[in-house]
Amino acid sequence: MRGLVLMAGGARGAYQAGVLKRISELASLRGGPSPFAIVAGASAGAINGTMLAAHSADFVEGTTLMAQLWSELEVGHVFRTDAASLTVGGLRWLRDLSLGGLISAGPGARSLLDVTPLRELIARAVPFARIADAIRRGTLYATAISATSYHSGRSFTFVQGRPGHPVWSRSRRVVLPVELGVDHVCASAAIPIVFPPVALDCGTGELFFGDGALRQVAPFSPAIRLGATRVLAIGIRSQCSTEPISPAEALAGERALGAGDVSAPPLAQICGILLNAVFLDHLDTDYDHLKRMNELILAYDGDRTPLPGRTAAPAVAEPMRIVTPLVISPSEDLAVVAKTYAHKMPRLIRHLLDGLGTPEAQSADLISYLLFDGAYSQALIDIGYRDADARHEEIEAFLCTGAADDAAA
4 MRGLVLMAGG ARGAYQAGVL KRISELASLR GGPSPFAIVA GASAGAINGT MLAAHSADFV
64 EGTTLMAQLW SELEVGHVFR TDAASLTVGG LRWLRDLSLG GLISAGPGAR SLLDVTPLRE
124 LIARAVPFAR IADAIRRGTL YATAISATSY HSGRSFTFVQ GRPGHPVWSR SRRVVLPVEL
184 GVDHVCASAA IPIVFPPVAL DCGTGELFFG DGALRQVAPF SPAIRLGATR VLAIGIRSQC
244 STEPISPAEA LAGERALGAG DVSAPPLAQI CGILLNAVFL DHLDTDYDHL KRMNELILAY
304 DGDRTPLPGR TAAPAVAEPM RIVTPLVISP SEDLAVVAKT YAHKMPRLIR HLLDGLGTPE
364 AQSADLISYL LFDGAYSQAL IDIGYRDADA RHEEIEAFLC TGAADDAAA
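The sequence shown stops at residue 412 when you use my numbering, and every number in between is there.
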(Lines of atoms letter the chains of each structure in order from A; the text may use other names.)
(Lines give C-alpha, C1' and ligand atoms only; values in the text may rest on other atoms or scores of the structure.)
Protein backbone atom coordinates (compact mmCIF):
# COMPACT_ATOMS: atom_id res chain seq x y z
CA MET A 4 0.00 0.00 0.00
CA ARG A 5 1.03 3.58 -0.60
CA GLY A 6 1.13 6.01 2.27
CA LEU A 7 1.24 9.79 2.54
CA VAL A 8 2.92 11.62 5.41
CA LEU A 9 2.11 15.31 5.89
CA MET A 10 4.36 17.19 8.28
CA ALA A 11 3.50 19.88 10.80
CA GLY A 12 4.21 23.52 10.12
CA GLY A 13 1.42 25.95 10.94
CA ALA A 14 0.80 28.32 8.04
CA ARG A 15 3.50 26.57 6.02
CA GLY A 16 1.01 23.75 5.46
CA ALA A 17 -0.15 25.57 2.32
CA TYR A 18 2.96 24.22 0.60
CA GLN A 19 1.55 20.70 0.90
CA ALA A 20 -1.63 21.77 -0.87
CA GLY A 21 0.41 22.92 -3.87
CA VAL A 22 2.36 19.67 -4.08
CA LEU A 23 -0.79 17.55 -3.87
CA LYS A 24 -2.61 19.69 -6.42
CA ARG A 25 0.11 19.01 -8.99
CA ILE A 26 0.16 15.31 -8.15
CA SER A 27 -3.60 15.12 -8.75
CA GLU A 28 -2.99 16.36 -12.30
CA LEU A 29 -0.71 13.46 -13.22
CA ALA A 30 -2.10 11.66 -16.25
CA SER A 31 -2.21 8.29 -14.50
CA LEU A 32 -4.26 9.69 -11.60
CA ARG A 33 -6.57 12.17 -13.29
CA GLY A 34 -10.23 11.53 -12.58
CA GLY A 35 -9.60 8.69 -10.14
CA PRO A 36 -9.44 8.12 -6.39
CA SER A 37 -6.54 9.12 -4.18
CA PRO A 38 -3.45 6.98 -4.77
CA PHE A 39 -2.80 6.95 -1.02
CA ALA A 40 -4.51 4.17 0.93
CA ILE A 41 -2.94 5.44 4.14
CA VAL A 42 -2.74 9.11 5.17
CA ALA A 43 -0.86 10.27 8.27
CA GLY A 44 -0.37 13.82 9.47
CA ALA A 45 0.26 16.10 12.40
CA SER A 46 -0.64 19.73 13.09
CA ALA A 47 -1.30 21.44 9.75
CA GLY A 48 -0.66 18.04 8.19
CA ALA A 49 -3.59 16.67 10.20
CA ILE A 50 -5.89 19.28 8.67
CA ASN A 51 -4.70 18.53 5.15
CA GLY A 52 -4.65 14.80 5.82
CA THR A 53 -8.20 14.47 7.10
CA MET A 54 -9.44 16.69 4.29
CA LEU A 55 -7.74 14.47 1.72
CA ALA A 56 -8.97 11.29 3.44
CA ALA A 57 -12.55 12.55 3.38
CA HIS A 58 -12.28 13.18 -0.37
CA SER A 59 -10.25 10.08 -1.21
CA ALA A 60 -12.88 8.92 -3.71
CA ASP A 61 -12.07 11.94 -5.90
CA PHE A 62 -8.43 13.00 -5.63
CA VAL A 63 -8.82 16.06 -7.85
CA GLU A 64 -11.77 17.31 -5.83
CA GLY A 65 -9.92 16.86 -2.56
CA THR A 66 -6.76 18.65 -3.64
CA THR A 67 -8.70 21.44 -5.34
CA LEU A 68 -10.72 22.13 -2.19
CA MET A 69 -7.55 22.00 -0.10
CA ALA A 70 -5.79 24.59 -2.26
CA GLN A 71 -8.91 26.75 -2.25
CA LEU A 72 -9.13 26.60 1.55
CA TRP A 73 -5.55 27.83 1.95
CA SER A 74 -5.72 30.47 -0.78
CA GLU A 75 -8.83 32.05 0.78
CA LEU A 76 -7.45 31.91 4.31
CA GLU A 77 -7.39 34.97 6.56
CA VAL A 78 -5.77 35.34 9.96
CA GLY A 79 -9.23 35.89 11.43
CA HIS A 80 -10.25 32.43 10.20
CA VAL A 81 -7.69 30.87 12.56
CA PHE A 82 -7.62 33.06 15.67
CA ARG A 83 -9.46 36.12 16.92
CA THR A 84 -7.70 39.32 15.94
CA ASP A 85 -9.91 41.91 17.63
CA ALA A 86 -8.23 44.13 20.20
CA ALA A 87 -10.33 42.79 23.09
CA SER A 88 -9.42 39.13 22.51
CA LEU A 89 -5.73 39.83 22.02
CA THR A 90 -5.60 42.15 25.03
CA VAL A 91 -7.36 39.70 27.36
CA GLY A 92 -4.97 36.91 26.38
CA GLY A 93 -1.95 39.14 26.84
CA LEU A 94 -3.10 40.47 30.21
CA ARG A 95 -3.71 36.96 31.55
CA TRP A 96 -0.18 35.96 30.60
CA LEU A 97 1.22 39.12 32.16
CA ARG A 98 -0.74 38.49 35.36
CA ASP A 99 0.30 34.84 35.66
CA LEU A 100 3.96 35.51 34.89
CA SER A 101 4.26 38.49 37.21
CA LEU A 102 2.07 37.46 40.15
CA GLY A 103 2.14 33.67 39.86
CA GLY A 104 0.60 31.95 42.87
CA LEU A 105 0.03 35.20 44.77
CA ILE A 106 -3.45 35.42 43.29
CA SER A 107 -5.93 32.75 42.34
CA ALA A 108 -8.89 34.70 41.02
CA GLY A 109 -10.00 34.02 37.49
CA PRO A 110 -8.91 31.38 35.00
CA GLY A 111 -5.22 31.13 34.25
CA ALA A 112 -3.76 31.81 30.83
CA ARG A 113 -3.99 28.77 28.54
CA SER A 114 -2.68 30.35 25.36
CA LEU A 115 -1.75 33.62 23.74
CA LEU A 116 -4.49 33.39 21.12
CA ASP A 117 -8.18 32.48 20.97
CA VAL A 118 -8.49 29.89 18.18
CA THR A 119 -12.26 29.43 18.24
CA PRO A 120 -12.42 30.41 14.54
CA LEU A 121 -10.04 27.54 13.64
CA ARG A 122 -12.40 24.97 15.10
CA GLU A 123 -15.25 26.43 13.06
CA LEU A 124 -13.09 26.43 9.92
CA ILE A 125 -12.14 22.75 10.32
CA ALA A 126 -15.76 21.77 10.95
CA ARG A 127 -16.78 23.43 7.69
CA ALA A 128 -13.85 22.22 5.60
CA VAL A 129 -13.61 18.56 6.60
CA PRO A 130 -16.66 16.29 6.12
CA PHE A 131 -15.56 13.75 8.72
CA ALA A 132 -18.46 11.38 7.98
CA ARG A 133 -17.00 10.79 4.53
CA ILE A 134 -13.85 9.24 6.03
CA ALA A 135 -15.89 6.24 7.17
CA ASP A 136 -17.58 6.13 3.76
CA ALA A 137 -14.19 6.07 2.02
CA ILE A 138 -13.03 3.20 4.23
CA ARG A 139 -16.18 1.20 3.46
CA ARG A 140 -15.78 1.81 -0.28
CA GLY A 141 -12.13 0.79 -0.19
CA THR A 142 -10.63 4.06 -1.43
CA LEU A 143 -9.00 4.54 1.99
CA TYR A 144 -7.46 1.98 4.32
CA ALA A 145 -6.69 4.23 7.28
CA THR A 146 -5.91 7.77 8.31
CA ALA A 147 -3.86 8.68 11.36
CA ILE A 148 -3.21 11.95 13.13
CA SER A 149 -0.86 12.54 16.05
CA ALA A 150 -1.14 14.72 19.15
CA THR A 151 0.99 15.10 22.28
CA SER A 152 -0.34 14.47 25.78
CA TYR A 153 0.36 17.37 28.12
CA HIS A 154 0.07 14.97 31.07
CA SER A 155 2.68 12.36 30.18
CA GLY A 156 4.48 13.82 27.17
CA ARG A 157 3.56 10.72 25.16
CA SER A 158 2.77 10.88 21.47
CA PHE A 159 -0.76 9.63 20.79
CA THR A 160 -1.72 8.49 17.30
CA PHE A 161 -5.46 8.45 16.64
CA VAL A 162 -6.35 6.04 13.84
CA GLN A 163 -9.56 5.59 11.90
CA GLY A 164 -9.27 2.66 9.55
CA ARG A 165 -10.54 -0.59 8.17
CA PRO A 166 -11.62 -3.08 10.88
CA GLY A 167 -8.62 -5.09 12.02
CA HIS A 168 -6.05 -2.42 11.18
CA PRO A 169 -2.79 -2.71 13.14
CA VAL A 170 -2.63 -1.23 16.64
CA TRP A 171 0.73 -0.86 18.36
CA SER A 172 2.18 0.72 21.46
CA ARG A 173 5.61 1.77 22.66
CA SER A 174 6.88 3.35 25.87
CA ARG A 175 6.40 6.90 24.58
CA ARG A 176 3.84 6.23 21.85
CA VAL A 177 0.20 5.16 22.14
CA VAL A 178 -2.21 4.25 19.34
CA LEU A 179 -5.98 4.57 19.79
CA PRO A 180 -8.60 3.46 17.24
CA VAL A 181 -11.17 6.26 17.04
CA GLU A 182 -13.71 7.94 14.84
CA LEU A 183 -11.87 11.13 13.96
CA GLY A 184 -13.53 14.48 14.51
CA VAL A 185 -12.88 18.18 14.87
CA ASP A 186 -11.40 17.86 18.36
CA HIS A 187 -8.70 15.41 17.24
CA VAL A 188 -7.56 17.74 14.48
CA CYS A 189 -7.65 20.80 16.74
CA ALA A 190 -5.56 18.94 19.31
CA SER A 191 -3.00 17.93 16.70
CA ALA A 192 -2.77 21.52 15.45
CA ALA A 193 -2.50 23.21 18.87
CA ILE A 194 0.87 24.99 18.60
CA PRO A 195 2.28 25.13 22.16
CA ILE A 196 1.67 28.34 24.13
CA VAL A 197 0.24 30.09 21.07
CA PHE A 198 -2.84 27.84 20.81
CA PRO A 199 -4.67 26.36 23.84
CA PRO A 200 -4.55 22.66 24.82
CA VAL A 201 -7.52 20.59 23.60
CA ALA A 202 -9.39 18.06 25.74
CA LEU A 203 -10.06 14.62 24.22
CA ASP A 204 -12.04 11.74 25.67
CA CYS A 205 -9.67 8.76 25.55
CA GLY A 206 -12.05 6.25 27.11
CA THR A 207 -10.96 6.70 30.71
CA GLY A 208 -11.73 10.39 30.96
CA GLU A 209 -10.54 13.57 29.33
CA LEU A 210 -6.88 14.28 28.65
CA PHE A 211 -5.37 17.48 27.29
CA PHE A 212 -3.32 17.46 24.11
CA GLY A 213 -1.15 19.78 22.08
CA ASP A 214 0.63 19.86 18.75
CA GLY A 215 1.38 16.43 17.32
CA ALA A 216 4.86 17.44 16.21
CA LEU A 217 6.12 17.90 19.78
CA ARG A 218 6.93 14.22 20.36
CA GLN A 219 6.61 12.83 16.85
CA VAL A 220 10.23 11.81 16.43
CA ALA A 221 9.38 9.18 13.78
CA PRO A 222 6.86 10.73 11.35
CA PHE A 223 7.11 7.79 8.92
CA SER A 224 6.17 5.31 11.64
CA PRO A 225 2.33 5.52 11.64
CA ALA A 226 2.08 4.99 7.88
CA ILE A 227 4.60 2.14 7.91
CA ARG A 228 3.02 0.36 10.86
CA LEU A 229 -0.37 0.60 9.20
CA GLY A 230 1.08 -1.34 6.27
CA ALA A 231 2.48 1.16 3.77
CA THR A 232 5.36 -0.14 1.64
CA ARG A 233 5.84 3.07 -0.34
CA VAL A 234 5.59 6.37 1.52
CA LEU A 235 5.54 9.88 0.10
CA ALA A 236 6.36 12.55 2.68
CA ILE A 237 5.84 16.26 2.12
CA GLY A 238 8.04 18.38 4.36
CA ILE A 239 8.20 22.12 4.88
CA ARG A 240 11.95 22.57 5.32
CA SER A 241 13.84 24.01 2.36
CA GLN A 242 16.03 21.59 0.43
CA CYS A 243 19.14 23.75 0.86
CA SER A 244 18.90 23.48 4.66
CA THR A 245 19.23 19.68 4.51
CA GLU A 246 22.42 19.58 2.42
CA PRO A 247 25.56 18.44 4.31
CA ILE A 248 28.18 21.18 4.65
CA SER A 249 31.71 21.45 5.99
CA PRO A 250 32.52 23.22 9.29
CA ALA A 251 34.10 26.10 7.35
CA GLU A 252 30.95 26.53 5.26
CA ALA A 253 28.80 26.37 8.39
CA LEU A 254 30.82 29.09 10.12
CA ALA A 255 30.76 31.27 7.02
CA GLY A 256 27.00 30.87 6.89
CA GLU A 257 26.62 31.81 10.55
CA ARG A 258 28.64 35.00 9.99
CA ALA A 259 26.55 35.87 6.95
CA LEU A 260 23.30 35.37 8.86
CA GLY A 261 24.58 37.47 11.73
CA ALA A 262 25.69 40.21 9.36
CA GLY A 263 28.53 41.00 11.75
CA ASP A 264 26.18 41.52 14.71
CA VAL A 265 27.36 39.45 17.68
CA SER A 266 24.73 40.72 20.10
CA ALA A 267 22.42 38.26 21.84
CA PRO A 268 19.51 37.10 19.64
CA PRO A 269 16.08 38.61 20.37
CA LEU A 270 13.26 36.47 21.74
CA ALA A 271 11.48 36.36 18.38
CA GLN A 272 14.49 34.74 16.77
CA ILE A 273 14.77 32.20 19.59
CA CYS A 274 11.06 31.35 19.27
CA GLY A 275 11.54 30.79 15.55
CA ILE A 276 14.42 28.40 16.19
CA LEU A 277 12.32 26.52 18.76
CA LEU A 278 9.47 26.08 16.29
CA ASN A 279 11.96 24.92 13.67
CA ALA A 280 13.17 22.27 16.11
CA VAL A 281 9.61 21.10 16.70
CA PHE A 282 8.37 21.17 13.12
CA LEU A 283 11.34 20.65 10.82
CA ASP A 284 14.02 18.38 12.17
CA HIS A 285 12.19 15.07 12.67
CA LEU A 286 11.50 14.27 9.01
CA ASP A 287 15.15 14.51 7.97
CA THR A 288 16.28 12.30 10.84
CA ASP A 289 13.59 9.68 10.31
CA TYR A 290 14.23 9.61 6.56
CA ASP A 291 17.91 8.86 7.18
CA HIS A 292 16.93 6.18 9.70
CA LEU A 293 14.54 4.56 7.22
CA LYS A 294 17.21 4.42 4.54
CA ARG A 295 19.65 2.79 6.96
CA MET A 296 17.02 0.22 7.94
CA ASN A 297 16.44 -0.61 4.27
CA GLU A 298 20.17 -1.14 3.81
CA LEU A 299 20.23 -3.42 6.84
CA ILE A 300 17.33 -5.52 5.55
CA LEU A 301 18.93 -5.78 2.11
CA ALA A 302 22.06 -7.14 3.75
CA TYR A 303 20.20 -10.34 4.66
CA ASP A 304 18.35 -12.93 2.58
CA GLY A 305 14.78 -14.01 3.21
CA ASP A 306 15.57 -16.69 5.82
CA ARG A 307 17.70 -14.19 7.79
CA THR A 308 20.93 -16.04 6.96
CA PRO A 309 23.73 -13.47 6.83
CA LEU A 310 25.22 -12.81 3.44
CA PRO A 311 28.98 -13.31 2.94
CA GLY A 312 30.98 -10.84 4.99
CA ARG A 313 28.03 -10.01 7.26
CA THR A 314 27.33 -10.98 10.85
CA ALA A 315 24.03 -12.45 11.94
CA ALA A 316 21.31 -10.08 13.10
CA PRO A 317 19.57 -10.64 16.41
CA ALA A 318 16.00 -11.90 16.35
CA VAL A 319 13.34 -9.22 16.23
CA ALA A 320 9.83 -9.23 17.61
CA GLU A 321 8.16 -8.31 14.33
CA PRO A 322 8.98 -8.90 10.67
CA MET A 323 10.96 -6.22 8.87
CA ARG A 324 10.33 -5.14 5.30
CA ILE A 325 11.68 -2.73 2.75
CA VAL A 326 9.81 0.57 2.72
CA THR A 327 10.47 2.87 -0.22
CA PRO A 328 10.36 6.57 0.76
CA LEU A 329 10.13 9.70 -1.34
CA VAL A 330 10.43 13.14 0.24
CA ILE A 331 9.35 16.40 -1.37
CA SER A 332 10.45 19.59 0.33
CA PRO A 333 10.46 23.28 -0.62
CA SER A 334 13.02 24.51 -3.11
CA GLU A 335 12.84 27.93 -1.44
CA ASP A 336 13.17 29.05 2.17
CA LEU A 337 9.58 29.64 3.26
CA ALA A 338 10.72 31.99 6.03
CA VAL A 339 12.23 34.28 3.40
CA VAL A 340 8.94 34.19 1.49
CA ALA A 341 7.11 35.14 4.69
CA LYS A 342 9.09 38.39 4.98
CA THR A 343 7.38 39.68 1.85
CA TYR A 344 3.94 39.19 3.40
CA ALA A 345 4.71 40.07 7.03
CA HIS A 346 2.72 43.29 6.70
CA LYS A 347 -0.41 41.14 6.30
CA MET A 348 -0.30 40.21 9.99
CA PRO A 349 -2.78 42.09 12.22
CA ARG A 350 -1.26 45.25 13.61
CA LEU A 351 -1.42 44.12 17.23
CA ILE A 352 0.33 40.85 16.37
CA ARG A 353 3.02 42.78 14.50
CA HIS A 354 3.52 45.01 17.54
CA LEU A 355 3.86 41.90 19.71
CA LEU A 356 6.46 40.40 17.38
CA ASP A 357 8.32 43.70 17.21
CA GLY A 358 8.35 43.68 21.01
CA LEU A 359 10.05 40.27 20.95
CA GLY A 360 12.81 41.62 18.72
CA THR A 361 13.57 44.54 16.44
CA PRO A 362 11.90 44.51 13.01
CA GLU A 363 15.32 43.79 11.51
CA ALA A 364 15.82 40.70 13.69
CA GLN A 365 15.67 37.30 12.11
CA SER A 366 12.13 36.57 13.25
CA ALA A 367 10.87 35.48 9.83
CA ASP A 368 10.78 31.83 10.95
CA LEU A 369 8.25 32.67 13.66
CA ILE A 370 6.17 34.76 11.28
CA SER A 371 6.14 32.00 8.66
CA TYR A 372 4.28 29.67 11.05
CA LEU A 373 1.63 32.20 12.11
CA LEU A 374 1.00 34.10 8.87
CA PHE A 375 -2.38 32.60 7.97
CA ASP A 376 -2.98 34.85 4.97
CA GLY A 377 -4.35 33.97 1.56
CA ALA A 378 -1.66 35.80 -0.41
CA TYR A 379 1.15 34.14 1.55
CA SER A 380 -0.61 30.78 1.29
CA GLN A 381 -1.00 31.17 -2.47
CA ALA A 382 2.72 31.88 -2.78
CA LEU A 383 3.46 28.64 -0.92
CA ILE A 384 0.92 26.73 -3.02
CA ASP A 385 2.66 27.97 -6.15
CA ILE A 386 6.07 26.89 -4.82
CA GLY A 387 4.71 23.46 -3.93
CA TYR A 388 3.10 23.10 -7.35
CA ARG A 389 6.35 24.02 -9.12
CA ASP A 390 8.41 21.68 -6.96
CA ALA A 391 6.09 18.75 -7.71
CA ASP A 392 6.00 19.67 -11.39
CA ALA A 393 9.81 19.63 -11.54
CA ARG A 394 9.73 16.06 -10.23
CA HIS A 395 6.50 14.86 -11.82
CA GLU A 396 8.11 11.96 -13.68
CA GLU A 397 9.80 10.73 -10.51
CA ILE A 398 6.56 11.08 -8.54
CA GLU A 399 4.48 9.30 -11.17
CA ALA A 400 6.95 6.41 -11.35
CA PHE A 401 6.94 6.20 -7.56
CA LEU A 402 3.16 6.07 -7.38
CA CYS A 403 2.65 3.71 -10.31
CA THR A 404 5.17 1.12 -9.13
CA GLY A 405 3.29 -1.56 -7.24
CA ALA A 406 -0.10 -0.08 -8.15
CA ALA A 407 -1.33 -3.46 -9.39
CA ASP A 408 -0.45 -5.07 -6.07
CA ASP A 409 -2.29 -2.32 -4.21
CA ALA A 410 -5.38 -2.87 -6.33
CA ALA A 411 -5.27 -6.58 -5.64
CA ALA A 412 -5.03 -5.93 -1.91
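Heads up, the beta-carbon is just placed ideally off N, CA and C, and yes, glycines get one too.
Bounds of the alpha helix (DSSP H) holding Phe62 are 62-74. The segment 13-22 makes no contact with the segment 127-138, as fewer than three CB pairs between them are under 8 Å. Judged by DSSP in its simplified three-state form, Leu217 adopts coil rather than helix or strand. With contacts defined by Cβ atoms closer than 9 Å, Gly48 and Ala11 form a contacting pair. By the Cβ test, the segment 287-297 is not in contact with the segment 339-350, since fewer than three Cβ pairs between them sit closer than 8 Å.
In the assembly as shown, Leu299 is an exposed residue. Its beta-carbon has fewer than 16 other beta-carbons within 10 Å. Inter-segment contact for the segment 160-180 and the segment 129-147 is present: three or more beta-carbon pairs are separated by less than 8 Å. Contact holds between the segment 48-65 and the segment 173-191, because three or more Cβ pairs, one in each stretch, are under 8 Å apart.
For Arg233, the uninterrupted beta strand (DSSP E) run begins and ends at 233-237, by DSSP.
With a cut-off of 8 Å on Cβ pairs, the segment 204-221 is in contact with the segment 148-159, counting three or more such pairs.
By alpha-carbon distance to Glu77, the top candidate from His285, Arg394, Tyr344 is Tyr344. Ranked by Cα distance from Gly16, the options Ile386, Ala40, Leu179 are led by Ile386. Cβ neighbours of Ala221 within its own chain (closer than 7 Å, five residues either side excluded): Asp289. The continuous beta strand (DSSP E) containing Val330 extends over residues 327-331. Here DSSP, grouped into helix, strand and coil, assigns Asp136 to helix. For Thr146, the enclosing beta strand (DSSP E) has its first and last residue at 145-152. Closest in C-alpha terms to Gly184, from the list Ala302, Leu278, Leu124, Val234, comes Leu124. In this structure, the alpha-carbon of Ile273 lies about 39 Å from that of Gly230. Residue burial is scored here from C-beta neighbours: Thr207 has fewer than 16 other C-beta atoms within 10 angstroms and is therefore classed as exposed.
Taken in chain order, the whole beta strand (DSSP E) runs of length 3 or more contained in the segment 154-196 are 158-164, 176-180. Taking Phe62 as reference, the option from Phe82, Leu29, His80, Trp73 with the minimal CA-CA separation is Leu29.
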